[in-house]
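Student:
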Ligand code: BEZ
């Protein structure tokens with residue numbers, strides 16, 4: 008069954024490159040990204056894992072733990088990691104699940120049989136401190152993901168979890184945001200002392216609230 012926004016991220020215990028991990032125990036009450044890639048020793052996946060390794064300090068800064076998954080065994084992951092470090096200039100610095108029996112892949116609906124009946128698609132799940140799924144993404148095997156976009160979405164998720172705002176198209180950290188339509192103007196006066204620009208009654212733009 009597909010996992011939808013707001014669902015509790017299913018728990019599992021899996022072999023990873025950092026040993027056996029119980030997902031909820033590992034995650035505790037932080038944010039997490041769980042992402043799958045189709046197969047070890049494949050070119051696009053190699054670049055993706057190098058990119059995520061380089062961005063690890065950015066995930067850390069946001070309090071986000073990262074875990075990868077592919078359907079190959081853990082020995083294969085360890086061998087492949089040498090290639091990733093050699094070709095991408097960064098060692099993999101987060102756990103990768105070995106899922107040869109597809110236990111986690113099936114639990115998270117990461118195999119789309121009409122695309123490929125054995126390999127995982129490029130799934131991403133962003134999971135909040137409450138263990139609820141906040142974002143899902145699915146890319147095909149042939150297209151590497153944009154992990155700066157993932158960080159941008161995490162910035163939006165973390166901001167909108169704290170303040171009664173939404174973020175507009177192409178928003179980036181520090182730019183103006185939208186006051187949530189459910190907030191009345193009276194309440195907005197208290198919540199947004201910097202004021203707002205009302206383009207339409209339903210479109211009120213205000214500077215990004217600071218923490
Ligand atoms: C890749 O990572 O390059 C890849 C993996 C599976 C199918 C196609 C491409």
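Residue numbers (the numbering used here): 8 to 218.
Every residue gets a Cβ at the ideal spot worked out from N, C-alpha and C, and that includes glycine.
I'd like to know whether the C-beta atoms of residue 78 and residue 46 end up nearer to each other than 8 Å.
Tutor: Yes, they are a contact pair.
Student: Which runs of the beta strand (DSSP E) fall wholly inside the stretch 167-216 and span at least 3 residues, in chain order?
Tutor: List check, beta strand (DSSP E) in window: 184-186, 204-207 and 210-213.
Student: When you compare each of 151, 208, 147 and 132 to residue 12 by their alpha carbons, which one comes out closest?
Tutor: Nearest of 151, 208, 147 and 132 to residue 12, Cα basis: 132.
Student: With which residues is residue 161 paired in a DSSP beta bridge?
Tutor: Answer is none; residue 161 lacks a bridge partner.
Student: In the DSSP assignment, find the unbroken beta strand (DSSP E) run with residue 77 in it and report its ends.
Tutor: Looking at the DSSP string, the run of the beta strand (DSSP E) that includes residue 77 is 71-77.
Student: For a quick check, are the C-beta atoms of residue 43 and residue 130 less than 8 Å apart?
Tutor: A contact, by the Cβ cut-off of 8 Å.
Student: Below 8 Å between beta carbons: does that hold for residue 143 and residue 128?
Tutor: Contact: no.
Student: Would you tell me roughly how many angstroms separate the C-alpha atoms of residue 75 and residue 52, rounded to the nearest one?
Tutor: Approximately 11 Å, taken between the alpha carbons.
Student: As an exercise, report each continuous beta strand (DSSP E) stretch of at least 3 residues that is fully enclosed by the stretch 95-126, in chain order.
Tutor: 103-105, all fully within the stretch 95-126.
Student: Does the Cβ of residue 59 lie closer than 7 Å to at least one heavy atom of ligand 1?
Tutor: Not under cutoff, so the answer is no.
Student: Going by the CB atoms, is the gap between residue 185 and residue 176 shorter than 8 Å?
Tutor: Against a cut-off of 8 Å, the Cβ pair of residue 185 and residue 176 comes out as no contact.
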